[in-house]
Each structure stands twice: as C-alpha cells, then as structure tokens.
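The block underneath contains the structure these notes are about, expressed in structure tokens.
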Amino acid sequence: MPPLTYVRVSERPLRRLPQLFIGLALYGFSLSVMVRAALGVNPWSVLYEGLEQHTSLSFGAISAVIGVLVLLLWIPLKQAPKLGTFANIVVLACFSDLGLFLIPPHLGIPARACLLVGGILLNGLSVAVYVGARFGPGPRDGLMTGASAVTGRSMRLVRTVIEISVLVVGWLLGGTAGIGTVLYALAVGPITQFFVPWFAYRGAVGGGGEAVRSGVGVANEGRGQGG
1032 MPPLTYVRVS ERPLRRLPQL FIGLALYGFS LSVMVRAALG VNPWSVLYEG
1082 LEQHTSLSFG AISAVIGVLV LLLWIPLKQA PKLGTFANIV VLACFSDLGL
1132 FLIPPHLGIP ARACLLVGGI LLNGLSVAVY VGARFGPGPR DGLMTGASAV
1182 TGRSMRLVRT VIEISVLVVG WLLGGTAGIG TVLYALAVGP ITQFFVPWFA
1232 YRGAVGGGGE AVRSGVGVAN EGRGQGG
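So the mapping is simple: the numbering used here equals the position in the sequence shown, first residue as 1, plus 1031.
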C-alpha cells in the first residue's frame, strides 16, 4: 500500500485539493444513493436516519452536527484536525442532501438493488480518492485512531466497538439496517484498498508526511471506511 499519512497543504495544492473535494463530494453522494436503496446503509448513516426521524434536521445536516460533536471528542484524545477533517464535515453534508434531492424515493426492488450495489462501489472508490489526497482523516476516523492510541487497543477493535454502538443506537431510533449494511461491511474495505494505489498522492514519499493514520490505512486492519 502507498503511504497515506498527512501531507502539508502547501505541497502541490492544485493537484491535491480538487481530488480531496471531488472524493468527498462523491462520498456524500454515495451515502444518499444507499439511503434511497432502502436496503440498509452503513452504521453511521443508520444513526443519521434514526435521528432524522426525531428532529427537523436533514440527513446531511445531522451528519454535519454529528461530525462536529465527534470532533469535540478529539480534544481529550489530543488529536489535531486538518483541512481534510473540516472539509469532510461540510462537503459530506452538502452532497448527501443533494443526492437525496436528486434521487427519487420509493423505487422498485430492481432499481433499489442497483442503487445499493452502485452506492457501495462509489463509496469505496470515493474513500480512496479523498483519503489518497492525504489532507488528514475525517472526524470519525480521527476518533478511532485517537481512542486506539489512548487505550492501547487495536484500531480494528476500537472501530468495531464504535460502529456496532452507532449501529445499535441508530437502529433503535428507527434507522435502516439490513442486507445493505452487511454488504457494505464486507465489501467497502476491499473496494477501497483496490482503488487506493490509483489515487494515492506519492509526491511526499520519503518525507513530508506526518504520522496521521487515515481511513484507508485502517482498511488493512479491518474492513475500512472513510469519514
């Protein structure tokens, strides 16, 4: 796997910034595709869907609020947010809501099955794109890496505990968990890992990268997810 540690913003920004924002936009859109499939979404989206039923906020707005709240948990973990962290919160919120606006609900089973498969593929691809730009992890990945460092537990275990907890809470609130949730858990890591070598920025190999683990790096330890 190519290096995925943080690279300073000043290094080839015209090459890396478009990749960051395109990847995040695709990631946000992929979340809305899986929501419209209505066959089960990833654990964090289950939570967003559940909260959406109990608040007046949109799916995207809830994702942003949760992103900010998670970011606050970085403080005791002594994690430092990067440009990619803040961009993750804003861009994901905007493009997930845009996707929900553009894709009609209540589609037939064949269309929903296609949306599910396409959404998972797009999600894995988009994670490789934005993480490959090497602007730092999203709020949820930073929570995982920080908690792992503080507790001394493996990132695989920490991520599993966090996402099972999020999934259970979201499901109890009315979020959609189903076959799509299982397929996502099994497929997104391998898909992301396949695409990472295509999109990882390699200009700072041998120097300039800080020891900040990003979502795809964790895909090798577990199933992997950006955010």
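Think of the CB as a built atom: it goes at the ideal place given N, C-alpha and C, for glycine as much as any other residue. Here the structure is a predicted model, which means the values were calculated and not measured.
Item                                                                                                                                    : Value
Cβ shell of residue 1234 (< 7 Å), same chain only, five flanking positions each side left out                                           : 1042, 1043
Whole beta strand (DSSP E) elements within the region 1077-1140, 3-residue minimum                                                      : none
Pick from 1197, 1165, 1202, 1192 that is closest to residue 1034, judged by C-alpha positions                                           : 1165
Contacts around residue 1205, its chain only, beta-carbon distance under 6 Å, and the 5 residues preceding and following it disregarded : 1081, 1084
Residue 1064, DSSP secondary structure in three states                                                                                  : helix
Beta-carbon proximity of residue 1146 to residue 1072, cut-off 8 Å                                                                      : no
Completely contained alpha helix (DSSP H) runs for the region 1188-1242, where each covers 4 or more residues                           : 1210-1230
Coarse secondary structure for residue 1038, derived from DSSP in three states                                                          : strand
CB of residue 1051 within 8 Å of CB of residue 1115, strictly                                                                           : yes
Assigned exposure category for residue 1178 - 16 Cβ within 10 Å defines buried                                                          : buried
Pair within 8 Å by beta-carbon distance, residue 1104 and residue 1174                                                                  : yes
CA-to-CA distance, residue 1172 to residue 1038, given in whole angstroms                                                               : 17 Å
Buried or exposed by the 16-neighbour rule on C-beta atoms within 10 Å, applied to residue 1160                                         : buried
Rounded C-alpha distance that separates residue 1045 from residue 1228                                                                  : 20 Å
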